[in-house]
């Protein structure tokens, strides 16, 4: 366990001390000790900055779509895979749907551009058949649905691993007993399968709430310029362009700190609600 503990100690817990620059007018060559302390000025600027609130709205909209469409997708896929009778077919389908997870976002974005771009495969086929091209890549109104489609295609299969493991723990005798009592497929799904998945669904939902203000930096960063910052600027890209690219390190760190604190509050609150409804949550 020592390498893993050292990794988290240095790069996660040790890095928390870097949040000190959120209270400074930080200058990299002066360091934390030489930079001027400005108290809560960066946070006051954050509240009044319309660009931050625009990024917050974009982030919440994309996160909401992911919760509605992406979060249930691995559950449905796991139930489908678990229902397959032939083990060979199940293993083949699992291997196919897992593969996109190991493809980098650079390749995924390039693939979608080749398929859906102005000169992509879809529009080329439409033009060859005398139909009008469909404006997808670069169309601001298509940005959020496209982000959800991309993440479903890339990570839905990988997300089924935990749910499949939970399904294999459900007692098969429960299915047999319910079938003998006359329960059809949907009744067994509702009264046996989903209750067996409920603890892990709730656990992952709580963790997802903690990341609700983080929607995937690399995916957004690679497509921000194509769609425009008005719709594609999220908090992670705002922090990058403000701090790393713009040099306003203290202000960017303040935005990141607020995002982290709000995520922690959401996790604690959701865990408390889980306890009230009789579930374990992520901790006692």
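Numbering (the numbering used here), first residue to last: 49 to 332.
C-beta atoms are modelled at their ideal positions from N, C-alpha and C, and glycine is treated no differently.
Item to check | Cross-strand partners of residue 8 (DSSP beta bridge) | outcome: The structure shown does not extend to residue 8, since the chain spans only 49 to 332, so no value can be given for it.
Item to check | Proximity below 8 Å, CB of residue 181 to CB of residue 205 | outcome: no
Checklist entry - residue 281: buried (16+ other C-beta within 10 angstroms of its C-beta) or exposed? => result buried
Item to check | Pairwise C-alpha distance: residue 140 and residue 223 | outcome: 25 Å
Item to check | Selected residue, minimal CA-CA separation from residue 111, among 265, 241, 215, 188 | outcome: 265
Checklist entry - Does the Cβ of residue 65 have 16 or more other Cβ atoms within 10 Å, making it buried, or fewer, making it exposed? => result exposed
Next on the checklist: Report the CB separation of residue 258 from residue 305 in whole angstroms; it is logged as a contact under 8 Å.
Outcome noted: Going by Cβ atoms, the distance from residue 258 to residue 305 rounds to 15 Å, so no, they are not a contact pair.
Item to check | Own chain, CB closer than 7 Å to residue 307, minus 5 neighbours either side, in chain order | outcome: 261, 283
Item to check | Residue environment, residue 62, which counts as buried when at least 16 other CB atoms sit within 10 Å | outcome: exposed
Next on the checklist: Please classify residue 94 as buried or exposed, where buried requires at least 16 other C-beta atoms within 10 Å of its C-beta.
Outcome noted: buried
Item to check | For residue 97, the three-state DSSP class (helix, strand or coil) | outcome: coil
Item to check | Nearest neighbour of residue 157, chosen from 174, 116, 194 [CA to CA] | outcome: 194
Checklist entry - Which value, in whole angstroms, describes the spacing of the CA atoms of residue 235 and residue 298? => result 56 Å
Item to check | Own chain partners of residue 67 with C-beta closer than 7 Å, once the 5 adjacent residues on each side are dropped | outcome: 301, 305
Checklist entry - Can you tell me where the alpha helix (DSSP H) with residue 286 in it begins and where it stops? => result 283-287
Next on the checklist: If you follow the alpha helix (DSSP H) that residue 263 is in, where does it begin and where does it stop?
Outcome noted: Here residue 263 belongs to no alpha helix (DSSP H), and DSSP marks it neither H nor E.
Checklist entry - Looking at the structure shown, is residue 311 part of a helix, part of a strand, or coil, going by DSSP? => result helix
Next on the checklist: Taking 7 Å as the limit between beta carbons, can you name the residues of its chain near residue 272, skipping five residues before and five after?
Outcome noted: 280, 281, 285
Item to check | Given residue 114 as reference, the closest of 192, 150, 171 once Cα atoms are compared | outcome: 192
Checklist entry - Is it true that the CB of residue 327 sits closer than 8 Å to the CB of residue 247? => result yes
Item to check | Where the alpha helix (DSSP H) through residue 195 begins and ends | outcome: 191-216
Item to check | Collapsed DSSP secondary structure at residue 220 in the structure displayed | outcome: helix
Checklist entry - Are the region 128-137 and the region 200-219 touching by the rule of at least three beta carbon pairs closer than 8 Å? => result yes
Item to check | Bounding residues of the alpha helix (DSSP H) (the contiguous stretch that carries residue 40) | outcome: Beyond the ends of the chain as shown, which are 49 and 332, falls residue 40; an answer cannot be given.
Item to check | Secondary structure of residue 181, DSSP reduced to three states | outcome: coil
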